[in-house]
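**Student:** So for the sequence shown, the numbering used here puts the first residue at 748; every next one is plus one.
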Amino acid sequence: MSESDYLVKGITKNGSFRAIAVSTKNLTEEARQRHNLSHTSAVALGRSMACAILLCYTLRKTKGHLTLKIKGEGPIGNIIVDVSSEGTVRGYVDHPEIECFDQKGYVDIDKAVGKTGYVHVSYDNEKGIPYKSSVEIVSGEIAKDVVNYLATSEQIASFLSCGVYLEPASGKVLHAGGILIQTMPNASDDDIKKTEETVTKLDPFSILLRSGLNLEQILKKSLSDHDTEILSEFEGLCFYCGCSRNKFESALISLGRTEIKKIITSVGYAEGRCNFCSNVYMFKKEELEDLIKKRKD
Ligand SMILES: [Zn+2]
């Protein structure tokens, strides 16, 4: 059975901690197939997608979309993920083909991303100027960088674990997701210390999923020092990109007659590939000539 990607929110009954957990296997696998991701880039993009969803559902107060951009100096280049408040997710890496392994043969994400660079987060509620904030990369492992972003830029103390587990031979995504635990202002030092001890002793997120636990169980296990209540579940997470042939056509038309004519005489056709979803839009010579007719200049 292929379970759909979903999200669970919970809170401790004493109000000291809030948590959000997500499973992102299907949307990560769709990204892997669309972009032909290597093992390394599937894990890097998968972690970033889980983190971006967790950020969006922690920070958002209104309808809109959040963009997480990890711009490290490693060979993978930029990692960009866009999440909407409706649960649609899309994303890509600049260099999907690169592989980085450590001496044990595990994917080496901090090497691929780089230990220096920036984490940029923007939130656009489609009403005014988008909110933007950036911090420096501190580890290149993604989860730690997002925790540092939350602490530095949003003054939110948190614990975050995310993971992607691939079938070793094929690279198919078998498990993916993450959990973010947010410390609330009324949490006592004792509460924080105890919870920190518990969560640091937990297995990595992908191992917890592999062991057969569902998100509710992982959330309760992470906050096992407290009586925890599940607040809500959301099942609509999916990979979706809003690009279309019409949008590409409008972009071509906006180039103007002279530019379109140049394309016809030099290349003979126009091809556009969407970075976010790898869909390709193709306009043949005759279709480009029709576009010239649509221009008034
Ligand atoms: Zn697209």
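We put the CB at the ideal spot given by N, CA and C, even for glycine.
Source: prediction; values computed, not measured.
1) Given the structure, does Asn-1026 come close to ligand 1, in the sense that its CB is under 6 Å from one of the ligand's heavy atoms?
2) For Gln-964, does the three-state DSSP call read helix, strand or coil?
3) Answer with buried or exposed for Glu-980, where buried requires no fewer than 16 other C-beta atoms within 10 angstroms of its C-beta.
4) Please confirm whether Ile-1010 has its beta-carbon closer than 7 Å to some beta-carbon of chain C.
5) Counting C-beta neighbours from all protein chains within 10 Å, is the total for Thr-1012 16 or more, i.e. buried, or is it exposed?
6) Here's the rule: buried if 16 or more other CB atoms are within 10 angstroms of the residue's CB, otherwise exposed. What is Arg-794?
7) Kindly provide the ranges of any beta strand (DSSP E) runs that are 3 or more residues long and lie completely inside the stretch 870 to 938, ordered along the chain.
8) Using CA coordinates, which residue listed in Thr-814, Glu-901, Thr-930, Asp-892 is at the minimum distance from Gly-757?
9) List, from N- to C-terminal side, the beta strand (DSSP E) runs of 3 residues or more that fit wholly inside the stretch 982 to 1026.
10) How far does the alpha helix (DSSP H) with His-812 in it reach, from first residue to last?
11) What residues in its chain sit with their C-beta under 6 Å from that of Asp-841, if we drop five residues either side in the sequence?
12) With DSSP as the reference, please indicate the residues paired to Ala-768 in a beta bridge.
13) At a cut-off of 6 Å, is Phe-743 close to ligand 1 when judged by its beta-carbon and the heavy atoms of the ligand?
14) Please list the terminal residues of the continuous alpha helix (DSSP H) segment that includes Arg-957.
15) I need the boundaries of the alpha helix (DSSP H) containing Val-790, first residue and last residue.
16) Cα-Cα, which of Ser-770, Glu-996, Ser-751 is closest to Ile-954?
17) For Val-830, tell me which candidate among His-812, Glu-846, Tyr-896, Gly-819 has the shortest Cα-Cα distance.
18) Does ligand 1 have a heavy atom nearer than 6 Å to the CB of Cys-985?
19) Across which residues does DSSP place Tyr-1028 in a beta bridge pair?
20) Ignoring anything shorter than 3 residues or poking outside the stretch 817 to 869, list the beta strand (DSSP E) runs there in chain order.
21) Taking only the alpha-carbon atoms, compute the straight-line gap between Ala-923 and Lys-851 and give it to the nearest angstrom.
22) What three-state label does DSSP hand Thr-975 in the structure shown?
23) Taking the CB atoms as reference points, tell me whether His-786 and Val-882 lie closer together than 7 Å.
24) Any heavy atom of ligand 1 closer than 6 Å to the beta-carbon of Phe-995?
25) When we look at the beta-carbon of Met-1053 and count the other beta-carbons within 10 Å, is it buried (16 or more) or exposed?
**Tutor:** So, from the data block:
1) Yes, ligand 1 has a heavy atom inside 6 Å of this Cβ.
2) Three-state result, Gln-964: helix.
3) Glu-980 should be labelled exposed.
4) Here there is only one protein chain, and chain C is not present.
5) With fewer than 16 Cβ atoms within 10 Å of its Cβ, Thr-1012 is classed as exposed.
6) So Arg-794 counts as buried.
7) Runs of the beta strand (DSSP E) inside the stretch 870 to 938: 878 to 883, 905 to 913, 920 to 930.
8) Comparing alpha carbon positions, the residue from Thr-814, Glu-901, Thr-930, Asp-892 closest to Gly-757 is Thr-930.
9) You should have 1017 to 1020.
10) Careful: His-812 lies outside any alpha helix (DSSP H), inside the beta strand (DSSP E) at 812 to 819.
11) Gly-824, Asn-825, listed in sequence order.
12) Here Ala-768 is bridged, per DSSP, to Val-755, Ile-926.
13) Any question about residue 743 goes unanswered here, given that the chain covers just 748 to 1044.
14) Per DSSP, the unbroken alpha helix (DSSP H) holding Arg-957 starts and ends at 952 to 957.
15) First-last of the alpha helix (DSSP H) with Val-790: 786 to 806.
16) Checking every option, the nearest Cα to that of Ile-954 belongs to Ser-770.
17) If we check each option's Cα against that of Val-830, His-812 comes out closest.
18) False, no ligand heavy atom lies under 6 Å from that Cβ.
19) The secondary-structure analysis by DSSP pairs Tyr-1028 across a beta bridge with Gly-1019.
20) Runs of the beta strand (DSSP E) spanning 3 or more residues and lying entirely within the stretch 817 to 869 occur at 825 to 831, 835 to 840, in chain order.
21) The C-alpha of Lys-851 is placed about 21 Å away from the C-alpha of Ala-923.
22) For Thr-975, the three-state secondary structure derived from DSSP is strand.
23) No Cβ-Cβ contact shorter than 7 Å links His-786 with Val-882.
24) When distances are taken from the beta-carbon of Phe-995 to the heavy atoms of ligand 1, even the shortest one reaches 6 Å or more.
25) Within the shown structure, residues of the chain are numbered from 748 to 1044, placing residue 1053 beyond reach of any answer.
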